[in-house]
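Novice: When we follow UniProt numbering, the leftmost residue of the sequence shown carries the number 1, and every step to the right adds one. Every residue gets a Cβ at the ideal spot worked out from N, C-alpha and C, and that includes glycine. Since this is a predicted model, take the numbers as computed values, not measurements. Take a look at this one; I'll ask things after.
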Amino acid sequence: MPLPILDVRNLSVTFPAKAGDVSAVKSISFSLTAGETLSLVGESGSGKSVTSLALIGLLASGTRQSGEIWFRDPSLSDAQPVDLLKLSREERRQYRGKLVSMIFQEPLTSLNPVYTCGDQLIEALRLHQDLDRQGAKVRALELCA
Numbered sequence: 001m002p003l004p005i006l007d008v009r010n011l012s013v014t015f016p017a018k019a020g021d022v023s024a025v026k027s028i029s030f031s032l033t034a035g036e037t038l039s040l041v042g043e044s045g046s047g048k049s050v051t052s053l054a055l056i057g058l059l060a061s062g063t064r065q066s067g068e069i070w071f072r073d074p075s076l077s078d079a080q081p082v083d084l085l086k087l088s089r090e091e092r093r094q095y096r097g098k099l100v101s102m103i104f105q106e107p108l109t110s111l112n113p114v115y116t117c118g119d120q121l122i123e124a125l126r127l128h129q130d131l132d133r134q135g136a137k138v139r140a141l142e143l144c145a
C-alpha cells in the first residue's frame, strides 16, 4: 500500500471572537496518496475553506490550530513526512507554492485587479522558484502558452 503524501489527523481550527471562540473545524482526519483526488464537499460554512487554508498555512495569525498535518514530498522516494503545523511560517512557505497549492473559488478575491495576471504569476514564481524577474517572465509565458 502506498504511503500517503498528506495525512491529516484530528485537525481543529478555532477563531477567537469577543462573544466566545468559534470552532470552524472539529477533529477532521483524512489521508491522500499520490495520484488520488480529494474533494472537500459540504454546506456553506461547514469548514471546507478553513480546512484548505489550514493545510497551506494561510490562516490569520491568532487562529488556533491543533492536530497534525503530515506532508511527504512525493518527488522523493525516501522523504520523511513533516508535520506542517510544527513548522514556522517561513518554513511552511517553502512548501506552499512549490509542493502544495490551492485554487481559490473567487478569483476577484485572489487576484489584484491593479496588476496584470502576468505580473502576479511572475511574483509567485519569484517567491517559490528562486528565479530572477526575467527567468520568471519566461516561465510565466511557458505556463500560459
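Can you tell which of Arg133, Pro113 and Asn112 has the C-alpha that lies nearest to the C-alpha of Ile122?
Specialist: With distances taken between Cα atoms, Ile122 lies closest to Arg133.
Novice: Given Ser23, which residues of its chain have a CB within under 6 Å of its CB, disregarding the five upstream and five downstream residues?
Specialist: The residues are Thr14.
Novice: For Ile56 and Arg89, which I take to be in contact (beta-carbon distance under 8 Å), what is that distance rounded to the nearest angstrom?
Specialist: About 12 Å separates the two Cβ atoms, so there is no contact after all.
Novice: Which residue comes first and which comes last in the alpha helix (DSSP H) that contains Gln134?
Specialist: Unbroken alpha helix (DSSP H) run through Gln134: Arg133 to Cys144.
Novice: Answer with yes or no whether the minimum CB distance from Leu125 to chain D is below 7 Å.
Specialist: The structure shown has no chain D; it contains just one protein chain.
Novice: Identify every run of the alpha helix (DSSP H) within the stretch 8–75, keeping only runs that are complete inside it and at least 4 residues long; order them along the chain.
Specialist: Counting only runs of 4 or more, we get 48–56.
Novice: Taking the alpha helix (DSSP H) that Glu91 falls in, what are its first and last residues?
Specialist: Unbroken alpha helix (DSSP H) run through Glu91: Arg89 to Tyr95.
Novice: Mind checking whether Ser31 and Pro4 have CB atoms under 7 Å apart?
Specialist: Taking 7 Å as the Cβ cut-off, Ser31 and Pro4 qualify as a contacting pair.
Novice: Looking at residue 172: is its Cβ nearer than 7 Å to the Cβ of Val82?
Specialist: Nothing can be reported for residue 172: it is not among the residues displayed for the chain, which extend from 1 to 145.
Novice: Count the other CB atoms within 10 Å of the CB of Ala17; is the residue buried (16 or more) or exposed (fewer)?
Specialist: Flag for Ala17 reads exposed.
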